[in-house]
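Here the structure comes first, spelled out in structure tokens, and everything after it is commentary.
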Ligand code: NAD
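Residue numbers (my numbering): 194 to 683.
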């Protein structure tokens, strides 16, 4: 494959099966858009059940030998993949930015380094992963746990952090000795396609990783429904997660579901105001607000509410919206026209919901990229936490702000949501920090920080934000089957 081919305007992405790049069997294709200019720039396979079966067969055959490899052999290949990703950082960042609309600087500084870090981390973690042994005194027995790879597993990822989240699943799966059938989002397939080439160059044996492209309802469903794919690791929307669970649960598959969020950002008067303000601008609008961890509900202590409102709007008004390939912009294009319209819908109902738009709210026409999907960063003041703007996931550059009077009220508002992915807390009060850490119904609580990620920590959500945890040994536990061996001695 010509590795700079994504720069052309008629790029045909192919499936990666058994180490080879192949067209979909039924010759069915989807259009791939460049959101910065609103134009089609390539085609992506819409893979069928037959393509998924072919990928499964390749994975099942590869598993016979991959499961016998030593952790050191696997680890060395993962490190090679990580290094190759870093070698090609500019190529991959440009591809990610073009496919997704995210600023090139963000792709270069965050997305692609993190994809490399995922392989690097699990290359090391697998060498430290161990299982338990129990001496059962009185029974004259010793128990130990074997942790064996599951076999062929399915990994399905979304469009917002394409290579970052795709590799977050694949790296632990193959590190633990599984073979994978993976599907990136059909909206952002490009860097997953480029990863196939990197895996070949790193010497990953054929069939260990197979990448099939296509729609959720066709390709994704075929992976989830496959009778011999033992586990599904999925990141995406809550409704999709429920559909997947309806199919996979009665088949007794292992399921890891990382779903939507509506994360509270709780700000107390006693915080470090400057640090909070800079982080809050980032946690609101990084990646056009299209990160499941963005703090989309900003709750501010009444005593500093007026000042916060004024300063925050001022900071937001300084953000530059522009073509994602430009270095000096803060906010690029939203991922698709359909998504732009969805986000705009919420802005348009703000007044009916009792909201007041304090800044933004409009589409932006970027000179030279007039048909791109651009939106102003938008700040809406709301009065009622039960309004749609505060209860439904918008997943765009839109945040709401509202005041609270007491710790109890802040906690109540934060937890009054079907979602429970993450929360951010700004305070220097130790008792309050511990109280909120205990009581917030979320999988992650950031205190005086946002999006600080140590890959050893468990990652995931409560309530409708998901089931299970990824990250660190949690991911390696998910991708292995524990088996208890009990030996009695004389
Ligand atoms: P989505 O649910 O529409 O799609 C995610 C993936 O699932 C895509 O690859 C899609 O093709 C596939 N898919 C869709 N329907 C399917 C089906 N019936 N069977 C199998 N696969 C199917 O989500 P999206 O719009 O791509 O991503 C945005 C969502 O992802 C947001 O809700 C966001 O909060 C969530 N997200 C969550 C996390 C997290 O870690 N919790 C991280 C990033 C994004």
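For each residue, glycine too, the CB sits at the ideal point set by N, CA and C. Keep in mind the model is a prediction, meaning the values are calculated, not measured.
| Item | Value |
| --- | --- |
| Starting from residue 681, trace the beta strand (DSSP E) in both directions and tell me its first and last residue. | 673-681 |
| Are the CB atoms of residue 575 and residue 543 within a distance shorter than 9 Å? | yes |
| Among residues of its own chain, excluding the 5 on either side of residue 316, which ones have a beta-carbon nearer than 6 Å to its beta-carbon? | 268, 271, 272 |
| For the segment 283-303 against the segment 255-264, are there 3 or more C-beta pairs whose distance is under 8 Å? | no |
| Nearest to residue 500 by alpha carbon, out of 422, 530, 594, 329? | 594 |
| Ends of the alpha helix (DSSP H) at residue 321? | 305-321 |
| Is residue 570 near residue 548, with beta carbons less than 9 Å apart? | no |
| Can you find a heavy atom of ligand 1 that lies under 8 Å from the Cβ of residue 417? | yes |
| Per DSSP, residue 403 is paired with what? | 374 |
| Looking only at its own chain, which residues have a Cβ that is under 8 Å from the Cβ of residue 416, when we skip the five neighbours before and after it? | 245, 347, 349, 374, 376, 405, 422, 425 |
| Once DSSP output is grouped into helix, strand and coil, what is the label at residue 501? | helix |
| Out of 279, 485, 326, which one is the CA nearest neighbour of residue 307? | 279 |
| Quick check: is any heavy atom of ligand 1 less than 8 Å from the C-beta of residue 431? | yes |
| For the alpha helix (DSSP H) that contains residue 365, what are its first and last residues? | 355-368 |
| Just the Cα atoms here: how many angstroms apart are residue 667 and residue 222? | 37 Å |
| Let me check understanding here. Comparing Cα to Cα, which of 610, 611, 609, 628 lies closest to residue 618? | 628 |
| Going straight from the alpha carbon of residue 650 to that of residue 225, what length do you get? | 35 Å |
| So, with DSSP's three-state summary, where would you put residue 424? | strand |
| Any idea what DSSP makes of residue 640, helix, strand or coil? | strand |
| Just confirm the distance between the C-beta atoms of residue 361 and residue 311, as a whole number of angstroms; I'd bet it's less than 8 Å. | 5 Å |
| According to DSSP, simplified to helix, strand and coil, what is residue 492? | strand |
| Go through its chain and collect everything with a Cβ distance to residue 472's Cβ below 6 Å, but skip five positions before and after it. | 643 |
| Report the residue from 239, 329, 231, 452 whose alpha carbon sits nearest the alpha carbon of residue 659. | 452 |
| Out of 263, 300, 603, which one is the CA nearest neighbour of residue 461? | 603 |
| Compute every distance between the C-beta of residue 570 and the non-hydrogen atoms of ligand 1, then say whether any falls below 8 Å. | no |
| Pick from 250, 449, 634, 302: whose alpha carbon is nearest that of residue 703? | The question about residue 703 has no answer here: the residues shown for the chain are numbered 194 through 683. |
| Confirm the yes/no value for this check: CB of residue 457, any heavy atom of ligand 1, distance under 8 Å. | no |
| Go ahead and pull the three-state DSSP assignment for residue 461. | coil |
| Does the Cβ-Cβ distance between residue 641 and residue 487 come in under 9 Å? | no |
| Does residue 206 come out as helix, strand or coil in the three-state DSSP assignment? | coil |
| Look up residue 340 in the DSSP assignment and give the residues it is bridged to. | 675 |
| Taking the continuous alpha helix (DSSP H) assigned at residue 347, which residues delimit it? | Where residue 347 is concerned, there is no enclosing alpha helix (DSSP H), although the beta strand (DSSP E) it sits in stretches over 345-349. |
| Can you list, in chain order, the residues of its chain with a C-beta nearer than 6 Å to that of residue 291? Leave out the 5 residues immediately preceding and following it. | 227 |
| Classify residue 680 as buried or exposed, calling it buried when 16 or more other Cβ atoms lie within 10 Å of its own Cβ. | exposed |
| Taking the alpha carbon of residue 210 as the point to measure from, which residue in 397, 276, 437, 298 has its own alpha carbon closest? | 397 |
| For residue 242, which of helix, strand or coil comes out of DSSP? | helix |
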